[in-house]
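**Student:** Before we start, here is the structure in question, set down as structure tokens.
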Amino acid sequence: MKIVFATGNSGKLREASEILGGGFELVTPAEMGINEEIPETGSTLKANSRQKAEYLWDRCGCICFADDTGLEVDALGGAPGVHTARYAGEDKDFNKNMDKLLHELSVIETEVRMASKLGLSMKKVSRRARFRSVVTLIIDGEKHYFDGTLEGEIARHKSGNGGFGYDPVFLPDEFPGQTLADITEEQKNGISHRGKALRAMAEYLKGRDM
Numbered sequence: 014m015k016i017v018f019a020t021g022n023s024g025k026l027r028e029a030s031e032i033l034g035g036g037f038e039l040v041t042p043a044e045m046g047i048n049e050e051i052p053e054t055g056s057t058l059k060a061n062s063r064q065k066a067e068y069l070w071d072r073c074g075c076i077c078f079a080d081d082t083g084l085e086v087d088a089l090g091g092a093p094g095v096h097t098a099r100y101a102g103e104d105k106d107f108n109k110n111m112d113k114l115l116h117e118l119s120v121i122e123t124e125v126r127m128a129s130k131l132g133l134s135m136k137k138v139s140r141r142a143r144f145r146s147v148v149t150l151i152i153d154g155e156k157h158y159f160d161g162t163l164e165g166e167i168a169r170h171k172s173g174n175g176g177f178g179y180d181p182v183f184l185p186d187e188f189p190g191q192t193l194a195d196i197t198e199e200q201k202n203g204i205s206h207r208g209k210a211l212r213a214m215a216e217y218l219k220g221r222d223m
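Set out below in structure tokens:
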């Protein structure tokens, strides 16, 4: 089954292909002659996912899907959230994004330590966080939604050479002491937020009379 996936990220494309497995051929927008940046101006992950999928459907009219993923950090009030990819700027530089995230958590922890030294009662700063993914699939103009979540914590420094995005600073609960960039792709795909959403989508497609 050929499906257009709204991404130009080679890491996401490879990950999605491995998760979906045989029977699915993923095609990029560029391969369909769509080379402009696909807009994502929604205020929620679902809205962005839907907007990107609709953009593809309007231009190619074939089976397509898009995902939007956000990192929610408790100590930052759920940020970066919908702004995950552009947290440190419009260039989507994930090294800068991670540096900004680690710096902001460090500032908060320093403020708490200073307050404690002054005799103020302060709660320990939580580094709990989660990735959320929402996938929008469009078939025959009908929209279908699938989601997945991965719980964990933010590390104190980057670690690992694998993965992409924020993987080097995210410690999944399933692999204590290891970031998503430390573990193998197979291990990551087995627990990831996007993996959960894509497997749900694959099950739906396999059970549908195409």
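Residue numbering for the sequence shown follows our numbering, starting at 14 and increasing by one per position.
The beta-carbon is built from N, C-alpha and C at its ideal position, and this holds for glycine as well.
Compare the beta carbon distance of residue 157 and residue 214 with 9 Å and say whether it is the shorter of the two.
**Tutor:** For residue 157 and residue 214, yes; Cβs fall inside 9 Å.
**Student:** Return yes when the Cβ of residue 163 is within less than 9 Å of the Cβ of residue 209, no when it is not.
**Tutor:** Yes, they are a contact pair.
**Student:** With a threshold of 6 Å on Cβ separation, who are the neighbours of residue 51 within its own chain once the five nearest residues in sequence on each side are excluded?
**Tutor:** Counting only Cβ-Cβ distances below 6 Å, and skipping sequence neighbours, we find 19, 65 and 68.
**Student:** Taking the runs of the beta strand (DSSP E) that are 3 residues or longer, which of them lie wholly in the segment 61–97?
**Tutor:** You should have 77–86.
**Student:** Helix, strand or coil: which one does DSSP assign to residue 181?
**Tutor:** It is helical.
**Student:** Applying the criterion that 16 or more other CB atoms from any shown protein chain within 10 Å of the CB defines a buried residue, is residue 80 buried or exposed?
**Tutor:** Result: buried.
**Student:** State the start and end residues of the unbroken alpha helix (DSSP H) segment that holds residue 161.
**Tutor:** Run containing residue 161: none in the alpha helix (DSSP H); it sits in the beta strand (DSSP E), 155–167.
**Student:** Can you have a look at residue 96 and say buried or exposed, based on whether 16 or more other CB atoms are within 10 angstroms of its CB?
**Tutor:** It counts as exposed.
**Student:** Within the continuous alpha helix (DSSP H) that includes residue 32, where are the two ends?
**Tutor:** First-last of the alpha helix (DSSP H) with residue 32: 23–33.
**Student:** Using 9 Å as the threshold, is the C-beta distance between residue 122 and residue 138 below it?
**Tutor:** Cβ distance < 9 Å, so residue 122 and residue 138 count as in contact.
**Student:** Can you tell me whether DSSP reads residue 38 as helix, strand or coil?
**Tutor:** If DSSP states are grouped into helix, strand and coil, residue 38 belongs with the strands.
**Student:** DSSP three-state call for residue 15: helix, strand or coil?
**Tutor:** The answer is strand: DSSP assigns residue 15 an E or B state.
**Student:** Spatial neighbours of residue 180 within its chain, please: C-beta separation below 8 Å, excluding the five flanking residues on both sides.
**Tutor:** Here the set comprises 173, 192, 193, 194 and 201.
**Student:** In three-state DSSP terms, what is residue 207?
**Tutor:** In the structure shown, residue 207 sits in a helix (DSSP, three-state: H, G or I).
**Student:** Check for me: the beta strand (DSSP E) holding residue 141 runs from which residue to which?
**Tutor:** 141–152 is the span of the beta strand (DSSP E), which, as asked, contains residue 141.
**Student:** Please tell me whether residue 145 and residue 165 are closer than 9 Å, where the distance is taken between their beta carbons.
**Tutor:** It is not a contact, given that the beta carbons lie outside the stated cut-off.
**Student:** Hey, could you find the ends of the alpha helix (DSSP H) residue 129 is sitting in?
**Tutor:** From DSSP, the alpha helix (DSSP H) with residue 129 extends over 107–130.
**Student:** Going by beta carbon distance, what residues of the same chain come within less than 8 Å of residue 21, once the five residues before and after it are set aside?
**Tutor:** Result list for residue 21: 41, 42 and 43, in chain order.
**Student:** Assign residue 61 to buried or exposed, taking buried as 16 or more other Cβ atoms, counted over all protein chains shown, within 10 Å of its Cβ.
**Tutor:** Label assigned to residue 61: buried.
**Student:** Just to confirm before moving on: does the CB-CB distance between residue 45 and residue 27 stay below 9 Å?
**Tutor:** Against a cut-off of 9 Å, the Cβ pair of residue 27 and residue 45 comes out as no contact.
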